[in-house]
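Visitor: This is the structure I want to talk about, given as structure tokens.
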Amino acid sequence: MSALELWGAEYQENDALLLEEKDLARFDAICKRENAPYSVVGKVSGDGRITVVDKNGKKPVDLDLKDVLGKLPPKTFKSNTLTANLVPLSLPTEVKINGVLDRVLRLVSVGSKRYLTNKVDRSVTGLIAQQQCVGPLHIPLSDVAIIAQSYLGKTGAATAIGEQPIKGLLSPAAMARLSVAEALSNLVWAKITDINNIKASGNWMWAAKFDGGAAAMYEAAVAMSEMMIALGIALDGGKDSLSMAANAPGEKLPVKCPGALVISAYCSMADVTIHVTPDLKRLKDGRLLLLSLSSKARMGGSSLAHVYNQLGAVSPDVEDFKAFLAMFNCVQSLLAQGLVSAGHDRSDGGLLTTILEMAFAGNTGVDIEVQASGDFTKEQLLSRGGIDFLFNEEVGLVMEVAETNMSKVLAECKKADIRCTSIGRVREDPKVTVTLAGSSVFTSDIRILRDKWEATSFQLEMRQCNPACVKSERDTLKDRKAPSYKLSYTPTPTAELSGKRHAVAIVRQEGSNGDREMLAAFHAAGFDAWDVHMNDLAAGRTNLSNFRGVVFVGGFSYADVLDSAKGWAATIKYNSKLSAQFQAFYERKDTFSLGVCNGCQLMALMGWVPEGPGKMKDTAQPRFVHNESSRFESRWTTVRIEKSPAIMFDGMEGSVLGVWVAHGEGRALFPDKKVLKAAQAANLVPMRYADDDGKATQVYPFNPNGSADAIASLCSADGRHIAMMPHPERCYLKWQWPYMPEDWRSDLKSGPWLKMFQNARKWCDTN
């Protein structure tokens with residue numbers, strides 16, 4: 001490559017570091033341990049110049065920094081403000097709510113995002129307190145993401161996004177304000193430290209080089225700035241893509257994207273457990289409340305207008321910043337007092353969609369009933385047969401509140417001078433009814449509507465997943481119920497330790513990513529957990545003889561280039577010293593091992609389960625291969641603990657628990673069926689995937705990979721060596737569970753999966 005190419009290339013996945021020369025040797029040692037290549041590309045000279053020296057000793061770049069960082073002459077950009085010919089929304093006279101809803105629920109921006117959430121790892125690190133999915137059915141509907149700062153406390157941070165690009169076609173300023181409002185209307189459901197601590201990044205995407213583009217972007221920037229200043233929040237970064245246009249074949253004019261501003265807001269949290277999700281939870285006494293800024297029902301840029309191929313004339317907007325701030329702070333106060341059980345913002349799709357989504361996630365029904373009052377007149381409620389009220393996308397929040405908390409919540413809203421309207425209640429059966437100003441305007445079944453809301457997502461799934469699996473998930477979702485979790489023991493915190501902490505090696509390889517949460521889980525159970533890289537063992541910096549336990553963690557060793565764990569297994573098998581060291585560890589009677597996910601695949605390839613290394617031909621050895629769905633699966637799934645000799649499941653037999661899975665190659669394959677039958681007969685299958693009734697199943701997605709006999713785990717005959725695809729180390733704390741029955745969440749003193757690690761400690765104490 002030429003000096004110009006090296007100097008000007010925009011390299012991806014590269015980091016630039018500045019360190020003192022005395023630290024270079026230490027940095028070199030770290031990089032070698034992690035198999036991370038690096039290059040020293042320069043040094044700080046202090047002479048005020050930036051110089052590039054090529055391989056021939058020439059200086060193709062030799063600049064005085066004042067010419068780069070000094071006062072450059074200002075540039076002037078001119079852009080005209082363009083005026084669009086806007087036409088008010090006009091709907092066919094025969095249109096009814098049912099027909100509108102059928103279209104809106106299928107719109108990509110409104111409907112389920114399941115096609116995105118199941119194919120990415122949403123649990124890695126074990127610090128995730130809230131990811132995209134919520135409720136007993138794990139519906140992709142979360143408004144806010146929450147990550148904990150550590151495993152030892154509850155401090156953390158919340159983040160949420162807001163974007164309303166279509167409304168920008170009507171008013172760039174309104175679009176910017178609505179983007180800020182949506183980000184905060186999503187963030188509000190997590191109890192943050194203070195609204196003034198909120199920072200945000202702004203991602204600008206615009207065809208700014210075309211006439212009118214820069215002017216519209218400037219208008220949006222001013223509006224965003226004014227609103228953020230009024231609310232006490234601020235941007236601290238972002239990026240821009242200002243060439244969002246392309247010449248399409250057969251088109252005379254360039255195709256321009258709608259100007260868009262994406263606000264990503266984030267803030268610190270004192271306690272990551274203080275937040276609510278959209279899924280309705282109060283089946284017997286749940287009341288629904290709407291917090292709104294006005295009674296307006298502007299339909300411009302709405303999903304309803306979109307599905308009728310229109311834009312409309314007037315966009316929703318945020319005119320009263322003080323009212324919005326009061327609403328935000330009021331909800332934060334209600335969260336701190338534990339008075340809200342569910343919450344969701346009114347946005348794409350309008351109020352009816354918002355409430356239905358909450359019911360979809362909670363697997364409940366709803367009675368929506370709004371009386372004519374000072375908040376909304378009869379004419380406003382019944383405009384276009386209720387369509388305007390139910391489908392406008394004005395800023396608003398919907399809360400589920402227990403009947404017993406209603407008086408307190410209403411008093412708080414009145415004190416804050418917030419519009420708070422009673423809009424219905426939760427019902428146990430799957431029916432939905434809508435009554436406005438005393439008139440019944442809509443009745444349906446939640447299951448039918450949820451199927452429509454999921455329809456577009458499932459069509460997209462067909463193009464990236466095994467179609468048979470997509471059909472199976474769609475069919476099972478129609479009549480699903482909450483999983484029937486069961487505990488055969490009482491989870492308890494780890495007792496104060498009187499003896500020494502047993503040493504356990506948390507072994508990782510290049511590409512591993514599950515080591516930190518595994519270290520934390522074993523530490524919580526009373527172990528002295530050590531971070532051990534395979535390079536440490538190969539270089540002799542440590543030895544497995546120093547440890548009572550060895551744990552092979554999850555991740556993507558060597559990027560799964562040779563299939564999962566094959567490269568890792570080869571580094572052991574074809575290194576005589578390492579091979580002998582691992583064999584000696586396996587044969588010791590005072591040791592145990594655990595392999596999770598990538599580590600499970602490794603243990604199978606090494607023959608550690610079910611019969612032991614060298615006990616059968618490689619061609620007969622069980623292994624874990626590509627999922628039946630033909631893709632990576634990230635799911636909160638249900639497993640059943642079976643009778644087995646596995647020491648880490650002692651006392652857990654019969655329990656049915658939720659657990660994370662995150663793998664692309666988790667299907668248990670037995671080339672020799674005799675080996676499968678032998679493992680079954682000897683009870684060497686300590687864990688199976690289960691359905692909502694707690695029964696072992698082959699049905700997708702309950703069985704996320706198609707494993708034979710629903711096998712999720714294998715163990716050795718003496719129970720000391722256990723391989724499993726699910727990730728208990730990512731959910732040993734209660735707040736790590738994305739869904740947990742309410743009585744468990746309030747009554748249990750510790751997470752159910754902690755016992756598994758405590759069992760290992762107990763075994764070490766007595767062996």
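Read in order, the letters of the sequence shown correspond to residues 1 to 767 in my numbering.
Using N, Cα and C, we set each Cβ at its ideal position, and we do this for glycine too.
1. Could one say the Cβ of Gly719 lies closer than 8 Å to chain D's Cβ atoms, at least one of them?
2. Name the residue from Asn598, Ile423, Ser302 and Val434 whose alpha carbon lies nearest to the alpha carbon of Ser347.
3. Going by C-alpha to C-alpha distance, which of Glu319, Phe360 and Ala245 sits closest to Lys281?
4. Look at the alpha carbon of Leu311 and the alpha carbon of Lys75, and state the distance between them as a whole number of angstroms.
5. Taking Cβ positions, are Ser630 and Arg122 nearer each other than 8 Å?
6. Quick check on the DSSP output: the alpha helix (DSSP H) that includes Met756 runs from which residue to which?
7. Comparing C-alpha positions only, which one of Gly374, Pro491 and Thr476 sits nearest to Gln758?
8. Would you list, in sequence order, the uninterrupted alpha helix (DSSP H) runs of no fewer than 4 residues that lie entirely inside the stretch 411-466?
9. I'd like the span of the alpha helix (DSSP H) that includes Met534, first residue to last.
10. Would a C-beta distance cut-off of 8 Å place Gly549 and Ala207 closer than the cut-off?
11. Could you tell me how far apart the beta carbons of Leu578 and Leu537 are, in whole angstroms, since I believe they sit closer than 8 Å?
12. Since Ile387 contacts Val104 with CB under 8 Å, what's their CB separation in whole angstroms?
13. Can you tell which of Val434, Lys408 and His306 has the C-alpha that lies nearest to the C-alpha of Ala336?
14. Answer yes or no: do Ala297 and Pro88 have a C-beta to C-beta separation smaller than 8 Å?
15. Taking the continuous beta strand (DSSP E) assigned at His523, which residues delimit it?
16. Report, in whole angstroms, the separation of the C-beta atoms of Ser564 and Phe649, which I expect to be a contact under 8 Å.
17. Looking at the structure shown, is Met648 part of a helix, part of a strand, or coil, going by DSSP?
18. In whole angstroms, what separates the C-alpha of Gly526 from that of Lys500?
19. Going by C-alpha distance, which of Glu34, Gln680 and Met603 is nearest Phe552?
20. Please work out which residues of its chain come closer than 6 Å, Cβ to Cβ, to Phe522, disregarding the five sequence neighbours upstream and downstream, and give them in chain order.
21. Can Leu684 and Ala710 be called in contact, C-beta distance under 8 Å?
22. Going by DSSP, name the residue or residues bridged to Thr354.
23. Who are the Cβ neighbours of Gly365 in its own chain at under 8 Å, not counting the five residues just before and after it?
24. Taking C-alpha atoms, which residue in Gln736, Cys469, Gly212 and Ser294 lies nearest to Gly396?
25. If you compare alpha carbons, which of Lys58, Ile50, Asp54 and Asp345 is closest to Asp67?
26. Using 8 Å as the cut-off, can you tell me whether the stretch 470-483 makes contact with the stretch 695-712, which would need three or more C-beta pairs spanning the two stretches below that distance?
27. Considering Cα atoms alone, identify which of Pro686, Ile146 and Tyr218 is closest to Ile647.
28. In the DSSP assignment, the alpha helix (DSSP H) including Tyr689 goes from what residue to what residue?
29. Below 8 Å, how does it come out for the stretch 379-386 and the stretch 434-445: are there three or more Cβ pairs, yes or no?
30. Give a yes or no on whether the C-beta atoms belonging to Met518 and Cys600 are separated by under 8 Å.
31. Using the beta-carbon count (16 or more within 10 Å), is Asp345 buried or exposed?
32. Straight-line CA distance for Gly533 to Asn98?
33. Once DSSP output is grouped into helix, strand and coil, what is the label at Lys486?
34. If we ignore side chains and look at the alpha-carbon of each, how far apart do Met740 and Val659 end up?
35. Pull up the distance between the alpha-carbon of Asn392 and that of Leu351, whole angstroms please.
36. Assuming Tyr586 and Trp608 make a contact with CB atoms under 8 Å, what is their CB distance in whole Å?
Guide: Quick answer:
1. Looking at the structure shown, chain D is missing, and only one protein chain is on hand.
2. As a working note, residue 347 is residue 347 in the sequence shown. Checked all of Asn598, Ile423, Ser302 and Val434; the closest Cα to Ser347 is Ser302.
3. By one-based count along the sequence shown, residue 281 stands at place 281. It is Phe360 whose Cα lies nearest to the Cα of Lys281.
4. Counting from one through the sequence shown, the residue named residue 311 turns up at place 311. Counting from one through the sequence shown, the residue named residue 75 turns up at place 75. Distance between the alpha carbons of Leu311 and Lys75 is about 36 Å.
5. Along the sequence shown, one-based indexing puts residue 630 at 630. Along the sequence shown, one-based indexing puts residue 122 at 122. Result no, Cβ atoms of Ser630 and Arg122 do not sit closer than 8 Å.
6. Position 756 of the sequence shown, counted from the first residue, corresponds to residue 756. Start and end: Leu754 to Thr766.
7. If you number the sequence shown from 1, residue 758 lands on position 758. The shortest C-alpha separation from Gln758 is found at Pro491.
8. Taking 4 residues as the minimum length, the alpha helix (DSSP H) runs contained wholly in the stretch 411-466 are 446-461, in order along the chain.
9. Working through the sequence shown from its first residue, we reach residue 534 at position 534. For Met534, the uninterrupted alpha helix (DSSP H) segment begins and ends at Met534 to Ala539.
10. In the sequence shown, the residue the question calls residue 549 occupies position 549. In the sequence shown, the residue the question calls residue 207 occupies position 207. Their beta carbons are not under 8 Å apart, which means Gly549 does not touch Ala207 by this criterion.
11. Stepping through the sequence shown from its first residue, residue 578 is reached at position 578. Stepping through the sequence shown from its first residue, residue 537 is reached at position 537. Confirmed, Cβ separation roughly 6 Å.
12. One-based indexing of the sequence shown puts residue 387 at position 387. One-based indexing of the sequence shown puts residue 104 at position 104. Contact flag wrong, Cβ pair sits at about 10 Å.
13. Reading the sequence shown from its first residue, position 336 is the one you call residue 336. Closest in alpha carbon position to Ala336, among Val434, Lys408 and His306, is Lys408.
14. The sequence position of residue 297 within the sequence shown is 297, counting from 1. The sequence position of residue 88 within the sequence shown is 88, counting from 1. Against a cut-off of 8 Å, the Cβ pair of Pro88 and Ala297 comes out as no contact.
15. One-based indexing of the sequence shown puts residue 523 at position 523. Boundaries for His523: no beta strand (DSSP E) harbours it, while the alpha helix (DSSP H) harbouring it runs Asp515 to Ala524, taken from the DSSP string.
16. Numbered from its first residue, the sequence shown carries residue 564 at position 564. Numbered from its first residue, the sequence shown carries residue 649 at position 649. Rounded, the Cβ-Cβ distance is 24 Å, inconsistent with contact.
17. Sequence index remark: in the sequence shown, residue 648 carries index 648 (1-based). Helix, per DSSP.
18. Here residue 526 refers to the residue found at position 526 when the sequence shown is read from its first residue. Here residue 500 refers to the residue found at position 500 when the sequence shown is read from its first residue. Rounded to whole angstroms, Gly526 to Lys500 spans 9 Å at the Cα level.
19. As a position in the sequence shown, residue 552 is number 552, starting the count at 1. Ranking the options by Cα distance to Phe552, first place goes to Met603.
20. Taking the first residue of the sequence shown as position 1, residue 522 is located at position 522. Val504, Ala529 and Phe757, listed in sequence order.
21. Here residue 684 corresponds to residue number 684 of the sequence shown, with the count starting at 1. Here residue 710 corresponds to residue number 710 of the sequence shown, with the count starting at 1. Leu684 places its beta carbon 8 Å or farther from that of Ala710.
22. In the sequence shown, counting from the first residue as 1, residue 354 sits at position 354. Secondary-structure assignment with DSSP links Thr354 through no beta bridge to anything.
23. Indexing the sequence shown from 1 puts residue 365 at position 365. Once the five neighbours on either side are set aside, the close Cβ partners of Gly365 are Ala359, Val426, Arg427, Glu428, Asp429, Pro430, Lys431, Val432 and Ile446.
24. If you number the sequence shown from 1, residue 396 lands on position 396. The option with the nearest alpha carbon to Gly396 is Ser294.
25. Translated into the one-based positions of the sequence shown, residue 67 becomes position 67. Ranking Lys58, Ile50, Asp54 and Asp345 by Cα distance to Asp67 puts Ile50 first.
26. Of all C-beta pairs linking the stretch 470-483 to the stretch 695-712, three or more are shorter than 8 Å, placing the two stretches in contact.
27. In the sequence shown, residue 647 corresponds to position 647, counting from 1. Of Pro686, Ile146 and Tyr218, the residue nearest in Cα terms is Pro686.
28. In the sequence shown, residue 689 corresponds to position 689, counting from 1. For Tyr689, there is no enclosing alpha helix (DSSP H); the residue is found in the beta strand (DSSP E) stretching over Met687 to Ala690.
29. Three or more Cβ pairs drawn from the stretch 379-386 and the stretch 434-445 lie within less than 8 Å of each other, which places the two stretches in contact.
30. On the sequence shown, residue 518 is found 518 positions in, with the first residue counted as 1. On the sequence shown, residue 600 is found 600 positions in, with the first residue counted as 1. The Cβ atoms of Met518 and Cys600 lie no closer than 8 Å to each other.
31. For the purposes of this step, residue 345 is identified with residue 345 of the sequence shown, where counting begins at 1. Buried.
32. For the purposes of this step, residue 533 is identified with residue 533 of the sequence shown, where counting begins at 1. For the purposes of this step, residue 98 is identified with residue 98 of the sequence shown, where counting begins at 1. Here residue 533 is His; the residue named in the question, Gly, does not match the sequence. Between the alpha carbons of His533 and Asn98 lies a distance of about 59 Å.
33. One-based indexing of the sequence shown puts residue 486 at position 486. Under the three-state reduction of DSSP output, Lys486 falls in the strand class.
34. Walking along the sequence shown from the start, residue 740 turns up at place 740. Walking along the sequence shown from the start, residue 659 turns up at place 659. Computed Cα separation, rounded: 11 Å.
35. The residue labelled residue 392 in the question sits at position 392 within the sequence shown. The residue labelled residue 351 in the question sits at position 351 within the sequence shown. Going from the Cα of Asn392 to the Cα of Leu351 covers about 7 Å.
36. Numbered from 1 along the sequence shown, position 586 holds the residue referred to as residue 586. Numbered from 1 along the sequence shown, position 608 holds the residue referred to as residue 608. Between Trp608 and Tyr586 the Cβ distance is about 6 Å, and since that is below 8 Å, they are a contact.
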